[in-house]
Amino acid sequence: MNYIALSGVSSVVLAATAVSMIVIQLVDLQKKKLKEKRIEELERKVEQLEGELRGVRRESERVKQEVEEMRKGREGKGGESSSVGAGPSTSVVATGVQREISQGDGARRRPSREELKSLP
């Protein structure tokens with residue numbers, strides 16, 4: 001009788017072991033699927049960002065061409081060309097009689113008398 005009981009217990013243990021191994025494999029498979037799904041999402045995001053980057057590069061080239069055309073147009077008129085400075089008060093723009101000093105952020109202000117005296 002003990003032999004039959006032990007045989008039944010060992011069968012249950014073997015079945016439980018087999019089920020646990022199957023569950024482990026299913027969990028691993030699920031993890032793998034999630035990783036693959038995440039990789040696909042990231043690849044789509046990379047493609048989207050690359051497309052946006054191409055658009056930005058095209059826009060940059062268009063702006064560069066516009067700036068070059070504006071420079072050529074200014075040189076053709078024979079007027080003074082202004083330089084754009086990086087920092088505050090680094091570039092001086094002479095427009096006719098009125099002189100303005102660049103603030104570096106695109107804003108312009110009238111110079112003080114001292115600044116006007118120091119200009120060439």
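When the letters of the sequence shown are read in order and numbered with full-length UniProt numbering, they come out as residues 1 to 120.
Positions of the beta carbon are idealized from the N, C-alpha and C atoms, including for glycine.
Quantities reported herein were computed from a predicted structural model and do not represent experimental measurements.
Rounded straight-line distance, which links the Cα of residue j to that of residue i
i	j	result
A16	L26	15 Å
E59	M70	16 Å
K37	K64	41 Å
K45	G51	10 Å
G8	K33	37 Å
E41	R74	49 Å
I24	I39	22 Å
residue 169	S112	As shown, the chain starts at 1 and ends at 120. That puts residue 169 outside it, with no answer to give.
K35	R57	32 Å
A18	R54	54 Å
L116	E68	30 Å
V12	E43	46 Å
E61	K31	45 Å
D28	L14	21 Å
L49	G76	40 Å
E47	E66	29 Å
Cβ-based neighbour list, residue i, same chain, cut-off 8 Å, excluding 5 preceding and 5 following
i	result
S10	none
Chain-order list of residues whose beta-carbon lies under 7 Å from that of residue i (same chain, five-residue window excluded)
i	result
M21	none
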